[in-house]
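Contents: one structure, followed by commentary.
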Amino acid sequence: MAFALKQAETETPVAEVLRRMGVSEQTFYRWKKLYGGLGTGELRRLKQLEDENRKLKQLVADLSLDKHILRGTCSQKSSDACSATRARAPGSGGARGE
Numbered sequence: 898m899a900f901a902l903k904q905a906e907t908e909t910p911v912a913e914v915l916r917r918m919g920v921s922e923q924t925f926y927r928w929k930k931l932y933g934g935l936g937t938g939e940l941r942r943l944k945q946l947e948d949e950n951r952k953l954k955q956l957v958a959d960l961s962l963d964k965h966i967l968r969g970t971c972s973q974k975s976s977d978a979c980s981a982t983r984a985r986a987p988g989s990g991g992a993r994g995e
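According to the working numbering, the sequence shown is numbered sequentially starting from 898.
Structure representation (structure tokens):
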């Protein structure tokens with residue numbers, strides 16, 4: 898993306914840059930609108946933040962799925978067994994956590 902924007906700023910025709918990159922004209926102008934004013938360092942930081950955001954979203958999804966699975970497993974077992982498990986959990990207020 899940054900390469901395409903920088904190349905288009907030079908004397909290289911936009912159509913040539915797009916052909917080399919395999920990018921549509923619409924995509925190029927969307928990139929230009931969104932990222933045209935950013936410097937190389939800013940683009941790099943933006944990419945890092947986007948990657949971190951993607952990883953955090955995946956982590957939240959994984960943890961939510963784990964929680965859902967554990968709740969399902971707990972509801973299938975007898976309530977006594979699950980209550981005992983909760984009582985042993987740190988910070989749950991159970992006998993061992995007090």
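Note that CB positions come from ideal geometry on N, CA and C, so glycine has one too.
Opening and closing residue of the alpha helix (DSSP H) in which residue i lies
i: G919; result: Segment: none, G919 is in no alpha helix (DSSP H) and carries neither H nor E.
i: T970; result: T937 to Q973
Min CB distance residue i to chain B below 8 Å
i: E913; result: The question asks about chain B, but that chain is absent: this structure has only one protein chain.
Contact belief for residue i with residue j at Cβ below 8 Å, rounded distance in angstroms
i: E908; j: L915; result: At roughly 15 Å, the Cβ-Cβ gap does not stay under 8 Å, so E908 and L915 are not in contact.
As assigned by DSSP and simplified to three states, the class of residue i
i: E913; result: helix
i: T907; result: coil
Same chain only: Cβ atoms within 8 Å of residue i, ignoring 5 sequence neighbours per side
i: L946; result: none
i: L935; result: L943
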